[in-house]
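Chemist: One structure follows; several queries about it will come next.
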Amino acid sequence: MDVQIYHIGNRHHISRDEKKMVCRMSNTMSGEQIHAATGISARTVRRVKELKQRTGNVVSHNPFIGCRRELDGHDIKYLLSRLDHQPELSLGELRKALKTTRGVYVSEATISRTLKQQCYSKKSITRSAAKASDEARARFIMAAGSNEYRPDYFVYVDETGVNSHTLQR
Numbered sequence: 001m002d003v004q005i006y007h008i009g010n011r012h013h014i015s016r017d018e019k020k021m022v023c024r025m026s027n028t029m030s031g032e033q034i035h036a037a038t039g040i041s042a043r044t045v046r047r048v049k050e051l052k053q054r055t056g057n058v059v060s061h062n063p064f065i066g067c068r069r070e071l072d073g074h075d076i077k078y079l080l081s082r083l084d085h086q087p088e089l090s091l092g093e094l095r096k097a098l099k100t101t102r103g104v105y106v107s108e109a110t111i112s113r114t115l116k117q118q119c120y121s122k123k124s125i126t127r128s129a130a131k132a133s134d135e136a137r138a139r140f141i142m143a144a145g146s147n148e149y150r151p152d153y154f155v156y157v158d159e160t161g162v163n164s165h166t167l168q169r
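Below is the structure:
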């Protein structure tokens, strides 16, 4: 009897049909005899039998079954690198960039959910920032434009940019 075993690292994939066959063989043969006949280890034979008795099935349910991800790891890295270089990009611009450079067609909602999973958040301009005083802005430009301060003396802090990634940078 020839059983196909596919190696996955240190693990071996044994098909559902082969596991069913092992259960039928275990009615008349020992684990060592099944190992000698099929090459499947006695421990695996024992585990398949235990699973069959416990659940009524020879394979366990995979909890990770679901829809395939639309964006793979490379697409996500691409999005994050684009945002690192141009943090002001909109979801529409990110969608177009993915479409042209990576050939991936996804919705803006998918990109938004992906960025949220990566702990990125959207910024919105507050009313007070949008209606900032033109006079205060002019005074700042006058002070900054004078020879009193060099450009490298200025430090701008964006408090809305603080998130869980801040300490990782």
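Note that the UniProt record's numbering gives residue 124 to position 124 of the sequence shown, counting from 1, and the numbers run on in steps of one. Ideal Cβ positions, reconstructed from N, Cα and C, are used throughout, including at glycine. Keep in mind it's a predicted model, so treat the numbers as computed, not measured.
First and last residue of the alpha helix (DSSP H) that includes Ser112?
Modeler: Note, Ser112: alpha helix (DSSP H), 108-117.
Chemist: Would you check if the distance between the CB atom of Ala97 and the CB atom of Tyr120 is smaller than 9 Å?
Modeler: No. Outside cutoff.
Chemist: Please work out which residues of its chain come closer than 8 Å, Cβ to Cβ, to Ile34, disregarding the five sequence neighbours upstream and downstream, and give them in chain order.
Modeler: Same-chain partners within the cutoff: Val22, Met25, Ser26, Ile40, Ala42, Val45.
Chemist: Does any residue of chain B bring its CB to less than 9 Å from the CB of Leu79?
Modeler: Reference to chain B is not applicable here, since this structure consists of a single protein chain.
Chemist: Just the C-alpha distance for Ser15 and Glu50, rounded to the nearest angstrom, thanks.
Modeler: Rounded to the nearest angstrom, the two C-alpha atoms are 17 Å apart.
Chemist: Within its chain, find whatever has a CB closer than 7 Å to the CB of Tyr105; leave out the 5 residues flanking it on each side and keep chain order.
Modeler: Once the five neighbours on either side are set aside, the close Cβ partners of Tyr105 are Lys99.
Chemist: Write down the C-beta distance between Glu108 and Leu83 rounded to the nearest angstrom, noting that I regard them as a contact closer than 8 Å.
Modeler: 14 Å between Cβ atoms; not a contact.
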